[in-house]
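Last residue of the sequence shown: 540 (the numbering used here), numbering continuous.
Beta carbons are placed, not taken as given, at the ideal position from N, Cα and C, and that holds for glycine.
For clarity, every value in this text was computed on a predicted model and none was experimentally measured.
Single-structure report; data block below.
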Amino acid sequence: MSTFERKMKILDAVLRYFRRNSRISPAQLNFPQVESIVIINNKRLGDFLFCTPAIRALKDANPTAKITAVISSNNKGLITECPYINKVMYMDDSVISAIKTGRILRKSNPDLGIIFHSKNPYDFIAMTFAGVRCLLKHYFGNERKVLINSCDGYVLGGKLPPVKNDLVLVGKLDISIENKKMFYPSPVRQKAFNGRTVGIQLGASGIGRYFPTDTAANVVEKIARKYPDCVFHLLGAKAETHLSTDFFSNLDEGLKNRVVNHIGKTTLQELAELINNLSVLITPDTGCLHIATALQTKTVSLFVLKQPNASIPQQDPELHQVLYSSDYSNEEKCDNNISKLATIPANEIVERVTQALNQIP
């Protein structure tokens with residue numbers, strides 16, 4: 180047994196001791212009578228959007244319940260004036276932050292705590308200090324399966340996409356999880372399309388999943404020739420600014436005035452408004468893809484492998500097209516400086532974008 184496993188075993192015993200007199204199973208919890216719910220999802224932007232159908236299911240089943248969402252401070256501004264979420268808190272990955280968060284949450288006397296995606300053991304510590312009676316957790320496929328005995332119900336990831344696992348988790352409360360869609364947790368103005376616009380997300384969580392800048396520039400050039408009125412928008416975080424430099428160095432000089440560079444220049448809300456009004460978004464598996472899914476914006480998404488648990492869009496299939504680099508090469512690129520998405524031909528991407536643009540009046 181490793182040192183980590185020994186620590187988790189001891190912590191598991193401590194957490195169960197403190198919850199011994201109050202914990203109940205989902206079957207014992209009278210969900211329609213629950214007054215206060217705490218959810219923790221303080222990982223990346225896309226991870227939070229994955230759990231929005233589950234939050235919708237909770238609120239639809241119990242409209243009077245007060246839901247507090249604990250999210251990452253990196254996602255400040257994500258949740259405002261949301262009819263499904265009553266309060267927002269922020270928690271970092273530290274014992275101190277977890278204890279502080281739990282003590283504040285305890286004041287609302289929460290009956291139910293749901294961990295959609297967070298980091299062990301901080302999520303369990305926060306929920307224990309909060310005093311939740313019933314604790315549910317979604318263990319992601321790559322997450323260590325520790326502290327399971329401290330859960331009153333759980334779902335193991337790895338077989339289904341995260342958005343479906345989150346729904347299965349709240350389904351343990353015997354509530355309806357059918358036909359629940361993702362939503363963006365802040366007001367976004369109604370779509371107002373003004374000509375053809377194509378969004379391009381270059382970055383991702385790792386260089387192996389970047390949209391190669393030379394391919395992106397080639398795609399823009401081909402689409403621009405097909406649609407002289409089309410305007411392009413580069414999206415991304417401030418840390419991805421160097422990708423825009425690489426992109427423009429590969430782009431034909433005469434097309435640069437048709438590309439608007441938003442990388443590192445938008446708030447989350449501004450990014451959502453921008454994505455909402457795109458004709459189509461080209462993106463790897465990033466938060467931008469999941470914002471587009473929630474806002475029902477068309478996408479052409481780029482993935483490395485076909486996997487049953489992948490985070491491809493799970494709703495509105497007519498709006499979303501997916502390309503996999505594994506369809507174009509049996510060998511994954513080993514060079515750490517080359518994206519595995521480089522095997523996807525520019526012509527294939529252009530074809531999918533053209534299909535989306537041709538549907539616009």
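Buried or exposed (CB count within 10 angstroms, at least 16 for buried), residue i
i: Asp464; result: buried
i: Lys417; result: exposed
i: Val249; result: buried
i: Asp226; result: buried
i: His496; result: Strictly speaking, residue 496 in this sequence is Pro, with His absent from that position. By the neighbour-count rule (16 or more Cβ atoms within 10 Å), Pro496 is not buried but exposed.
i: Arg323; result: exposed
i: Leu484; result: exposed
i: Phe303; result: buried
i: Arg531; result: buried
i: Val334; result: buried
i: Ala244; result: buried
i: Gly310; result: buried
i: Arg404; result: exposed
i: Gly378; result: buried
i: Val217; result: buried
i: Thr182; result: exposed
i: Lys519; result: buried
i: Ser252; result: exposed
i: Ser273; result: exposed
i: Leu372; result: Leu is not the amino acid found at residue 372; the sequence shown has Phe there. Phe372 is exposed by the Cβ-count criterion.
i: Ile539; result: exposed
i: Asp290; result: buried
i: Glu511; result: Confidence in Glu511 is poor, its pLDDT being 49 and thus under 50, which makes the residue's placement too unreliable to answer from.
i: Thr472; result: buried
i: Thr424; result: exposed
i: Cys513; result: Bear in mind that a pLDDT of 46 at Cys513, under 50, signals an unreliable position, so the number given afterwards is only what the model happens to contain. With fewer than 16 other Cβ atoms within 10 Å, it is exposed.
i: Asp506; result: exposed
Start and end residues, beta strand (DSSP E) containing residue i
i: Pro496; result: No beta strand (DSSP E) contains Pro496, which DSSP labels as neither H nor E.
i: Tyr269; result: Lys266 to Tyr269
i: Gly443; result: Run containing Gly443: none; DSSP gives neither H nor E here.
i: Ser480; result: Thr478 to Phe482
i: Gly150; result: A query on residue 150 cannot be resolved here, the shown segment of the chain reaching from 180 to 540 and no further.
i: Val274; result: That residue, Val274, is in no beta strand (DSSP E); its alpha helix (DSSP H) goes Val274 to Arg285.
Residue from the options with nearest C-alpha to residue i
i: Ala535; options: Asn209, Ala206, Tyr406 and Val438; result: Tyr406
i: Val347; options: Lys316, Phe362, Ile327 and Lys324; result: Lys316
i: Met179; options: Arg202, Val217 and Cys261; result: What the structure shows of the chain is the stretch from 180 to 540, and residue 179 is not part of that stretch, so it cannot be assessed.
i: Ile523; options: Tyr389, Ala471, His412 and Arg375; result: Tyr389
i: Pro123; options: Val311, Thr280 and Pro492; result: As shown, the chain starts at 180 and ends at 540. That puts residue 123 outside it, with no answer to give.
i: Phe411; options: His421, Asn397 and Glu419; result: Asn397
i: Arg368; options: Leu413, Ile454, Asn526 and Glu419; result: Ile454
i: Thr394; options: Leu481, Asn241 and Ser490; result: Leu481
i: Ala168; options: Gly320, Asn344, Ser428 and Thr533; result: Limits of the chain in this structure are 180 at one end and 540 at the other, which puts residue 168 out of reach.
i: Ile264; options: Lys188, Lys238 and Ile278; result: Lys238
i: Asn200; options: Ser181, Thr307, Gln380 and Ser252; result: Thr307
i: Ile402; options: Val267, Asn526 and Met268; result: Asn526
i: Ile508; options: Asn299, Ala521 and Gln538; result: In the sequence under discussion, the amino acid at residue 508 is Ser, which differs from the Ile named in the question. If we check each option's Cα against that of Ser508, Ala521 comes out closest.
i: Pro487; options: Glu400, Val342, Ile461 and Leu447; result: Val342
i: Ala236; options: Pro300, Leu434, Tyr318 and Asp353; result: Asp353
i: Thr376; options: Ala451, Gly385, Met270 and Cys409; result: Cys409
i: Met294; options: Met180, Cys313, Gly337 and Asp425; result: Sequence check: residue 294 is Ile here, not Met. Among Met180, Cys313, Gly337 and Asp425, the Cα nearest to that of Ile294 belongs to Cys313.
i: Ser428; options: Lys266, Thr392 and Ser215; result: Thr392
i: Pro366; options: Val501, Glu449 and Arg223; result: Glu449
i: His421; options: Gln380, Ile189 and Asn358; result: Gln380
i: Asn321; options: His296, Ala206, Tyr301 and Leu457; result: His296
i: Leu498; options: Leu474, Ile327, Ser204 and Phe210; result: Leu474
i: Lys364; options: Gly382, Gly256 and Leu208; result: The question names Lys, but residue 364 is Pro in the sequence shown. Closest by alpha carbon: Gly256.
i: Glu432; options: Glu400, Leu208 and Ser505; result: Glu400
i: Asn456; options: Tyr301, Tyr269, Leu190 and Gly374; result: Gly374
Delimiting residues of the alpha helix (DSSP H) encompassing residue i
i: Pro463; result: First-last for Pro463: Val459 to Pro463, but that is the beta strand (DSSP E), not the alpha helix (DSSP H).
i: Leu453; result: Leu447 to Asn455
i: His469; result: Gly466 to Leu474
i: Gly225; result: Leu224 to Phe229
i: Ser215; result: Ser215 -> not in any alpha helix (DSSP H); beta strand (DSSP E) instead, spanning Ser215 to Asn220.
i: Lys186; result: Thr182 to Phe197
i: Ile528; result: Ala525 to Leu536
i: Thr259; result: Careful: Thr259 lies outside any alpha helix (DSSP H) and carries neither H nor E.
i: Thr247; result: Looking at the DSSP string, Thr247 is not in any alpha helix (DSSP H); the run it does join, the beta strand (DSSP E), is Lys245 to Ile250.
i: Tyr301; result: Tyr301 to Ala309
Sequence ranges, alpha helix (DSSP H) only - wholly within the region 319-361, length at least 4
341-350
Taking only runs of the alpha helix (DSSP H) that begin and end inside the region 369-432, which ones reach a length of at least 4 residues, in chain order?
392-405 and 420-429
Could you check whether the region 275-286 touches the region 184-201, counting it as contact only if at least three pairs of C-beta atoms, one from each stretch, sit closer than 8 Å?
no
Measuring CB atoms only, is the region 464-474 touching the region 437-444, in the sense that at least three cross pairs come out at less than 8 Å?
no
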